[in-house]
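**Q**
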Amino acid sequence: MTYMTLLQRIELERGKREPGEITELNLDNSKSVDIEGLTDEYSSLEVLSMMNVGLQSLAGLPCLTSLKNLELSNNLISGGLDALLKCPNIEQLNLSSNKIESMDVLIPLAKLSELKSLDLGNCPVTATENYRKKAFAMIPSLKYLDGLDENNEEEVFGNDFLNGGLDEEGKSNRLS
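Quick note: the sequence shown, position 168, residue 168 per full-length UniProt numbering, numbers continuous.
1. What is the residue span of the beta strand (DSSP E) that E24 lies within?
2. Inspect the beta-carbon positions of E24 and E46 and report whether they are closer than 8 Å.
3. At what residues does the alpha helix (DSSP H) containing E36 begin and finish?
4. Out of curiosity, what's the CA-to-CA distance linking I139 and G20?
5. Note the first and the last residue of the continuous beta strand (DSSP E) segment covering E155.
6. Let me confirm a value: E168 is counted as buried when at least 16 other C-beta atoms fall within 10 Å, else exposed. Which label applies?
7. For F136, I'd like the list of residues in its chain whose CB is within less than 7 Å of its CB, leaving aside the five on either flank, ordered along the chain.
8. How big is the Cα-Cα spacing for Y42 and Q92?
9. Shortest alpha-carbon distance to D34 belongs to which of L58, D28, M103 and D40?
10. Are the CB atoms of E71 and M103 within a distance shorter than 8 Å?
11. Do I77 and L38 have their C-beta atoms within less than 8 Å of each other?
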């Protein structure tokens, strides 16, 4: 089986569109040890998925101020999370099944003031004593860790989302 490089996959996904027009980019299963071919020209990018790419580093991550959802699961990332500060509006970050071993590696995430949901499942760091308590204390904006809130209640995307979401007052926008 042959794999596309990250750069080849970006070009394929982009097609004839200008980088600034793209709001979602799925680069799953392409191959690269660091981020190549992605530039700050992707200024409208809100969702970026790079699952199972073989990333060892976030080197090359451009400034993506519109990015809200970053999927980096099933890679080989063990540190360098300060690169994520170039994406200050990240709300959901999935780093599950990576090589993150220490709570200290997570310190840069405290500066991501919009970060609400973080997934570190299947990372060695989850075996740290009081891991959940420490993570919530370290990252003030965090509401959900590994799909659960501080009280171990599940993250809810559920019915309100499926029924049209909530309006600005928090009332359901049911599609009935």
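We put the beta carbon where it would ideally sit given N, CA and C, even for glycine. Small disclaimer: the values here were computed from a predicted structure and weren't measured.
**A** The short version:
1. Here residue 24 corresponds to residue number 24 of the sequence shown, with the count starting at 1. Counting along the chain, the beta strand (DSSP E) containing E24 begins and ends at E24 to N26.
2. As a position in the sequence shown, residue 24 is number 24, starting the count at 1. As a position in the sequence shown, residue 46 is number 46, starting the count at 1. Yes, Cβ-Cβ distance for E24 and E46 is below 8 Å.
3. Taking the first residue of the sequence shown as 1, we reach residue 36 at position 36. In the DSSP annotation of this structure, E36 is not part of any alpha helix (DSSP H), being labelled neither H nor E.
4. In the sequence shown, counting from the first residue as 1, residue 139 sits at position 139. In the sequence shown, counting from the first residue as 1, residue 20 sits at position 20. Spanning the alpha carbons of I139 and G20 requires a straight line of approximately 31 Å.
5. Within the sequence shown, residue 155 is the residue found at index 155, counting from 1. For E155, there is no enclosing beta strand (DSSP E), as DSSP marks it with neither H nor E.
6. Numbered from its first residue, the sequence shown carries residue 168 at position 168. Note on E168: pLDDT 47, under 50, position unreliable in the model; the coordinate value appears next. If you draw a 10 Å sphere on the C-beta of E168, you find fewer than 16 other C-beta atoms in it, and that means exposed.
7. Counting from 1 along the sequence shown, the entry for residue 136 is found at position 136. Hits under 7 Å: L142, L145 and E150.
8. Counting from one through the sequence shown, the residue named residue 42 turns up at place 42. Counting from one through the sequence shown, the residue named residue 92 turns up at place 92. Whole-angstrom Cα-Cα distance: 18 Å.
9. As a working mapping, residue 34 is identified with position 34 in the sequence shown. Nearest to D34 by C-alpha distance, out of L58, D28, M103 and D40, is L58.
10. Here the question's residue 103 lines up with position 103 in the sequence shown. Here the question's residue 71 lines up with position 71 in the sequence shown. Contact: no.
11. Working through the sequence shown from its first residue, we reach residue 77 at position 77. Working through the sequence shown from its first residue, we reach residue 38 at position 38. Between I77 and L38, the CB-CB gap reaches or exceeds 8 Å.
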